[in-house]
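Undergrad: Chains as they are written, first to last, in my numbering: chain R, 1 to 389; chain P, 1 to 194.
The C-beta atom is built at its ideal place from N, Cα and C for all residues, glycine as well.
Given the structure is predicted, the values throughout are model-derived calculations rather than measurements.
Could you have a look at this structure, given as structure tokens, before my questions?
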Amino acid sequence: MAFDLTNEEKAESPYGDEEKIKSNILTVNMGPQHPATHGVLRVEIKTDSEIVTEAIPHIGYLHRCFEKHAENIDYRGIIPFVDRMDYIGAMNMEHGWCLAVEKLLGTEVPRRAEYIRVLVAELQRVASHLMFFGTYSIDLGAFTPFLYAFQEREFILRIFEEISGARLLYNYIWIGGVWNDVTDDQLNRISSFCDNMEDEIDKYHNLVGLNKIFVERTARVGVMDKEMCYDYGLTGPILRSAGVKWDLRKDRPYSIYPEFDFDVPVGTGEQGTVGDCWDRYWVRMREMKESLKIIRQVLEGIEAGPVMGKVSKIIKPPKSEIYVRTECPRGELGYYLIADGGKIPYRVKVKSSCFTHVSALPAVAPGQMIADLVATIGSIDIVLGEVDR
Amino acid sequence: MHEDLVQIINQAVPEAKAVLNKAEVGDSSISINAETIYKVCETLKKNDKYEFNVLQVISGTDYLPEGEEGYLELAYILASFTKNHEVIIKTKLPRGTDSNLPKIDSLCGLWRAANWQERETYDMIGVEFVGHPDLRRILTSSNWEGHPLRKDYKVQEIFNGMVVNPPGKMNLGDQQFGVKSNADSLSNKKPMGL
């Protein structure tokens with residue numbers, strides 16, 4: 001965008017009209033190997049000096065065509081594959097898939113297994129939000145909070161390793177229940193972790209969330225309002241930070257969530273406007289507390305019993321289709337499953353929350369500084385494994 | 001709810017010829033005429049009673065029974081976050097050919113969410129959305145050939161000068177999609193778990 005100077009400006013310019021001041025649009029590729037894009041996301045940004053005029057996300061670097069894989073393996077074999085979509089929230093991914101297949105089969109899941117599922121799903125939510133908190137601080141230039149967050153996250157991963165055998169990709173929730181029982185000792189340790197974690201969250205918030213620099217970098221930045229959320233189909237913490245009290249665990253309850261008492265935190269624009277980056281951060285921090293509340297209730301209510309229901313050795317759902325939505329740490333996850341009566345699914349479509357969230361990036365980016373774009377990308381908390389599938 | 005919706009659609013857009021597919025297991029859906037998709041979605045979005053304000057999914061499925069021509073089925077899943085419900089709208093399209101993909105109206109004018117969903121469907125299933133502002137491939141590379149989620153899809157042999165499946169590749173049989181024996185071989189394997 002070269003422009004000519006007006007006569008008045010020429011008179012004031014020390015270079016006269018010989019040297020015209022030029023301002024050009026510069027195209028910069030942010031990523032695919034960029035620490036602030038949380039994986040292999042490439043954002044093609046057109047910048048006018050420091051201001052972003054246009055941002056075009058390019059995705060697909062991690063594309064494995066999960067949906068095609070799913071058409072070639074049996075229902076149980078798909079569980080490890082769904083793990084690999086959102087590898088930060090693998091338990092929640094498995095939970096959704098198993099719910100979908102169980103609904104078609106009409107399987108009854110034992111009470112203890114339901115409790116354990118909710119327990120691991122909520123622990124995973126805490127771990128995922130801790131990951132967000134840590135990496136988001138790094139995006140904004142603070143390194144120490146990352147170490148704090150990973151210390152606590154490590155506890156959750158160790159517990160998961162004990163009960164499932166893996167630290168990141170569990171294959172723990174199976175169709176009909178969970179494959180391994182938890183011991184009382186593990187439950188006790190989770191209980192003491194909850195007490196500890198509650199104080200930690202307050203500490204993080206005082207340390208980072210109320211920090212002047214953090215507030216300045218995030219408040220009134222990357223505002224996503226309610227209308228935009230509906231237009232783009234944004235869900236999860238982003239929708240809640242825009243002031244909409246919407247949580248599938250409450251509004252379309254699945255598993256045994258209706259039995260638990262917890263709140264749905266929403267953004268109020270405490271530090272800036274409703275739906276800005278700071279609100280998204282604060283919603284996630286409060287969600288962790290609510291998750292801890294649920295975990296406590298699980299620990300109180302958990303009953304002895306089997307952890308695996310009766311499922312036939314070969315899973316053959318009748319010819320039917322189903323769309324199941326669950327609330328994952330990053331937003332709504334939907335499985336649209338079409339069964340043709342055989343051993344393998346006919347079609348599996350994943351409604352990935354991260355995919356929709358990235359698609360909204362071109363709408364918030366224009367007019368932002370480049371550094372604010374980093375803050376915005378960090379605050380929508382994407383996992384590229386789920387975006388690309 | 002579904003019967004009511006069918007009535008609403010047929011009243012507002014008679015040429016849609018909405019039919020309810022009632023399911024005993026799983027979710028029911030509503031089938032409509034492909035040409036009327038925009039009008040039907042507009043009706044559902046603006047309906048005061050149901051207010052389908054969010055487009056959740058656009059998904060395509062390829063049906064290719066042996067010896068028949070087959071067809072594509074697009075499923076539009078709409079949800080209402082204010083009235084709390086969802087519906088699956090289905091429509092059928094011919095399969096078309098690589099140079100002449102089936103066409104359907106784009107919903108980008110109704111929801112901006114449609115933009116990427118339609119790009120993905122175009123990429124994976126091969127449906128052209130008429131009126132889409134930026135219909136490019138999204139998940140695969142721009143010079144990729146074919147649409148992977150079609151049932152008769154074969155991976156191209158050479159991509160950008162690289163051999164996709166070299167002869168010495170491990171577990172080649174497991175990785176070649178569309179090979180019919182692959183699905184059959186599952187029956188010989190023992191089921192996982194338990």
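Select from the region 316 to 335 of chain R all residues with a C-beta closer than 7 Å to any C-beta belonging to chain P, and list them in chain order.
TA: Cβ contacts with chain P come from P318, S320, E321, I322, Y323 and G334.
Undergrad: Establish whether the CB of P:L139 and some CB of chain R are separated by less than 9 Å.
TA: Chain R, which has a Cβ nearer than 9 Å to the Cβ of P:L139, makes this yes.
Undergrad: At a CB distance below 7 Å, what residues from the region 41 to 71 of chain P approach chain R? Give them in sequence order.
TA: Within the region 41 to 71 of chain P, the qualifying residues are N53, V54, L55, Q56, V57, S59 and T61.
Undergrad: Just reading off the beta strand (DSSP E) that P:V25 is part of, what are its end residues?
TA: Unbroken run through P:V25: none, as it is neither H nor E.
Undergrad: Alpha carbon to alpha carbon, what distance is there between R:T135 and R:L41?
TA: Answer to the nearest angstrom: the Cα atoms are 15 Å apart.
Undergrad: Between which two residues does the beta strand (DSSP E) harbouring R:C328 extend?
TA: Where R:C328 is concerned, the enclosing beta strand (DSSP E) stretches over S320 to C328.
Undergrad: What ranges does the alpha helix (DSSP H) occupy inside the region 14 to 57 of chain P, keeping only unbroken runs of at least 4 residues that lie completely in it?
TA: Here the runs fully enclosed are 37 to 46.
Undergrad: Leaving aside the five residues before and after R:L373 along the sequence, list all residues of the same chain whose C-beta is less than 6 Å from its C-beta, in chain order.
TA: So the list reads V52 and A365, once near-sequence residues are dropped.
Undergrad: With a threshold of 16 other CB atoms inside 10 Å of the CB of R:L130, please say whether the residue is buried or exposed.
TA: Buried, because 16 or more other Cβ atoms sit within 10 Å of the Cβ of R:L130.
Undergrad: For my contact list, R:G177 and R:G309 are in at a C-beta cut-off of 8 Å; report their separation, rounded to the angstrom.
TA: With a Cβ gap of about 5 Å, R:G177 and R:G309 count as contacting.
Undergrad: From P:N182 to R:F66, what distance separates their C-alpha atoms?
TA: In this prediction, P:N182 scores a pLDDT of 45, lower than 50, which makes its location untrustworthy; no coordinate-derived value is stated.
Undergrad: Name, please, each residue of chain R whose Cβ falls closer than 7 Å to the Cβ of P:P148.
TA: Near P:P148 (Cβ distances below 7 Å), the residues of chain R are C65 and K68.
Undergrad: Less than 9 Å separating the beta-carbons of R:Y323 and R:E71?
TA: The answer is no: Cβ separation not under 9 Å.
Undergrad: In the DSSP assignment, find the unbroken beta strand (DSSP E) run with R:Y336 in it and report its ends.
TA: Start and end: G331 to A339.
Undergrad: In whole angstroms, give me the CA-to-CA distance for P:I125 and P:G60.
TA: In a straight line, the C-alpha of P:I125 is about 6 Å away from that of P:G60.
Undergrad: Using a beta-carbon distance below 9 Å, is R:S359 in contact with chain P?
TA: Output row for R:S359: interface = yes.
Undergrad: Just confirm the distance between the C-beta atoms of R:W278 and R:T235, as a whole number of angstroms; I'd bet it's less than 8 Å.
TA: Their Cβ separation, rounded to whole angstroms, is 19 Å, which puts R:W278 and R:T235 out of contact at 8 Å.
Undergrad: Decide if R:T27 is buried, meaning its Cβ has at least 16 other Cβ atoms within 10 Å, or exposed.
TA: Flag for R:T27 reads exposed.
Undergrad: Count the other CB atoms, across all protein chains shown, that sit within 10 Å of the CB of R:R158; report buried if there are 16 or more and exposed otherwise.
TA: Answer is exposed; the Cβ neighbour count stays below 16.
Undergrad: For R:L168, count neighbouring Cβ atoms within 10 angstroms of its own Cβ and tell me buried if that reaches 16, exposed if not.
TA: When all chains shown are included, R:L168 counts as exposed.
Undergrad: Candidates R:P110, R:C98, R:E154 and R:T107: which alpha carbon is nearest R:I88's?
TA: The residue with the shortest Cα to Cα distance from R:I88 is R:E154.
Undergrad: Taking Cβ positions only, does P:V25 come closer than 9 Å to chain R?
TA: It does: the Cβ of P:V25 has a partner Cβ on chain R nearer than 9 Å.
Undergrad: Judging by CA-CA distance, which residue of P:K103, P:L55, P:V155 and P:N53 is the nearest neighbour of P:N33?
TA: When only C-alpha atoms are compared, the closest one is P:K103.
Undergrad: In whole angstroms, what is the alpha-carbon distance linking R:W174 and P:P14?
TA: Approximately 46 Å between the Cα atoms of the pair.
Undergrad: Using a threshold of 9 Å, state whether the C-beta atoms of R:A396 and R:Y204 are closer than that.
TA: As shown, chain R starts at 1 and ends at 389. That puts residue 396 of chain R outside it, with no answer to give.
Undergrad: Is the CB of P:E120 under 9 Å away from at least one CB in chain R?
TA: Yes, because at least one Cβ of chain R sits closer than 9 Å to the Cβ of P:E120.
Undergrad: Can you pull the DSSP bridge partners for R:S191?
TA: In DSSP, R:S191 forms no bridge with anything.
Undergrad: Specify the secondary structure class of R:G39 as computed by DSSP and reduced to three states.
TA: The answer is strand: DSSP assigns R:G39 an E or B state.
Undergrad: Within its chain, find whatever has a CB closer than 6 Å to the CB of R:D411; leave out the 5 residues flanking it on each side and keep chain order.
TA: Residue 411 of chain R lies beyond the range of chain R shown here (1 to 389); nothing can be said about it.
Undergrad: Taking C-beta pairs closer than 9 Å, name the residues in chain R that P:N100 reaches, listed in chain order.
TA: By Cβ distance, chain R contributes nothing, its closest Cβ being about 23 Å from P:N100, past 9 Å.
Undergrad: Check each candidate in P:L139, P:W116 and P:S141 and name the one with the smallest Cα separation from P:F129.
TA: P:F129 has its Cα closest to that of P:W116, out of P:L139, P:W116 and P:S141.
Undergrad: Measuring only the C-alpha atoms, how far is R:S352 from R:R84?
TA: So the alpha carbons of these two residues sit roughly 13 Å apart.
Undergrad: Between which two residues does the beta strand (DSSP E) carrying P:E86 extend?
TA: Where P:E86 is concerned, the enclosing beta strand (DSSP E) stretches over H85 to L93.
Undergrad: Could you pull out every residue in the same chain whose Cβ sits closer than 8 Å to the Cβ of R:R284, ignoring the five residues on either side in sequence?
TA: Counting only Cβ-Cβ distances below 8 Å, and skipping sequence neighbours, we find H129, F132, F133, P237 and D381.
Undergrad: Closer than 9 Å, CB to CB, is P:F81 near chain R or not?
TA: With 9 Å as the cut-off, P:F81 counts as an interface residue toward chain R.
Undergrad: Is there a Cβ of chain P sitting closer than 9 Å to that of R:A375, yes or no?
TA: False, the Cβ-Cβ gap to chain P never drops below 9 Å.
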